[in-house]
Amino acid sequence: MELGKTSTGWAVDKKTQYAKPAKTMNQLEYVKNLEDAALRHVSNCERTAPEHDPPVGESFWRGGSGSYQLSHVEAMKQAMKEWWGPLESIGLGDKLDYTAEVQEGPLKYFAIMAHDKATQIGCAAKTCRKQGVTLIDCRYSTTVALDDPIYEVGKLPCKCPAGTVCSRLGGLCEISPTP
Numbered sequence: 001m002e003l004g005k006t007s008t009g010w011a012v013d014k015k016t017q018y019a020k021p022a023k024t025m026n027q028l029e030y031v032k033n034l035e036d037a038a039l040r041h042v043s044n045c046e047r048t049a050p051e052h053d054p055p056v057g058e059s060f061w062r063g064g065s066g067s068y069q070l071s072h073v074e075a076m077k078q079a080m081k082e083w084w085g086p087l088e089s090i091g092l093g094d095k096l097d098y099t100a101e102v103q104e105g106p107l108k109y110f111a112i113m114a115h116d117k118a119t120q121i122g123c124a125a126k127t128c129r130k131q132g133v134t135l136i137d138c139r140y141s142t143t144v145a146l147d148d149p150i151y152e153v154g155k156l157p158c159k160c161p162a163g164t165v166c167s168r169l170g171g172l173c174e175i176s177p178t179p
């Protein structure tokens with residue numbers, strides 16, 4: 001799980017070897033209303049970009065030619081590689097602010113997924129045989145604002161919101177099991 005690696009400082013970052021550990025990063029709860037919004041967006045196979053619909057964050061992937069042959073699980077894996085890959089290949093280093101450069105560049109989707117204020121996620125996949133591609137869209141409960149930190153750097157103990165507990169390794173606020 002990449003979010004767990006980032007929160008604990010074990011995600012590879014080209015500029016600093018490892019990403020800075022997060023003071024608090026939330027385990028994302030999957031919710032249907034965000035999935036429904038994502039599904040509405042990808043239902044039109046002509047989509048080439050996200051909607052940019054604040055305050056909701058969004059990660060969008062349009063697979064290359066032939067991606068329609070992938071299962072939705074395989075397509076999601078490919079999308080995740082492309083969204084998280086720039087951290088390893090380019091890196092953020094010590095600069096964890098969501099700048100215009102990040103917003104317009106390859107680190108954008110990593111930043112949206114790693115945003116420490118996000119608590120929920122919903123995703124949808126659409127196979128577009130006519131176009132020969134698969135679309136993946138994920139929505140998050142919030143997005144990072146321009147020039148705000150993607151996440152706050154810190155170490156144990158994490159400060160978790162109600163209903164969550166700090167993971168044993170720190171940095172990640174896990175959803176508490178229902179008694």
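Numbering (UniProt numbering) for the sequence shown: 1 to 179.
Ideal placement from N, C-alpha and C gives every residue a C-beta, glycine not left out.
Classify residue i: buried if its beta carbon has 16 or more other beta carbons within 10 angstroms, exposed otherwise.
{"i": "residue 107", "result": "buried"}
{"i": "residue 147", "result": "exposed"}
{"i": "residue 32", "result": "exposed"}
{"i": "residue 50", "result": "buried"}
{"i": "residue 116", "result": "buried"}
{"i": "residue 168", "result": "exposed"}
{"i": "residue 1", "result": "No answer about residue 1 holds up, because its pLDDT of 46 lies below 50 and its placement is not dependable."}
{"i": "residue 126", "result": "buried"}
Quick one: what does DSSP say residue i is sitting in, helix, strand or coil?
{"i": "residue 1", "result": "Reliability fails at residue 1, whose pLDDT of 46 lies under 50, so the model's placement of it is uncertain and no value is given."}
{"i": "residue 10", "result": "coil"}
{"i": "residue 86", "result": "helix"}
{"i": "residue 62", "result": "strand"}
{"i": "residue 109", "result": "helix"}
{"i": "residue 39", "result": "helix"}
{"i": "residue 100", "result": "helix"}
{"i": "residue 153", "result": "strand"}
{"i": "residue 56", "result": "coil"}
Tell me residue i's beta-bridge partners as DSSP assigns them.
{"i": "residue 127", "result": "134"}
{"i": "residue 122", "result": "139"}
{"i": "residue 30", "result": "121"}
{"i": "residue 78", "result": "Partner(s): none; residue 78 has no beta bridge."}
{"i": "residue 18", "result": "12"}
{"i": "residue 173", "result": "26 and 166"}
From residue i to residue j, what does the alpha carbon distance come to, in whole angstroms?
{"i": "residue 11", "j": "residue 84", "result": "10 Å"}
{"i": "residue 120", "j": "residue 75", "result": "21 Å"}
{"i": "residue 160", "j": "residue 65", "result": "43 Å"}
{"i": "residue 136", "j": "residue 79", "result": "7 Å"}
{"i": "residue 91", "j": "residue 9", "result": "13 Å"}
{"i": "residue 93", "j": "residue 143", "result": "21 Å"}
{"i": "residue 18", "j": "residue 27", "result": "20 Å"}
When the distance is taken between beta carbons, is residue j closer than 8 Å to residue i?
{"i": "residue 22", "j": "residue 122", "result": "no"}
{"i": "residue 67", "j": "residue 113", "result": "no"}
{"i": "residue 188", "j": "residue 150", "result": "Within the shown structure, residues of the chain are numbered from 1 to 179, placing residue 188 beyond reach of any answer."}
{"i": "residue 70", "j": "residue 134", "result": "yes"}
{"i": "residue 182", "j": "residue 56", "result": "Here the chain covers residues 1 to 179 and nothing more, so residue 182 does not appear."}
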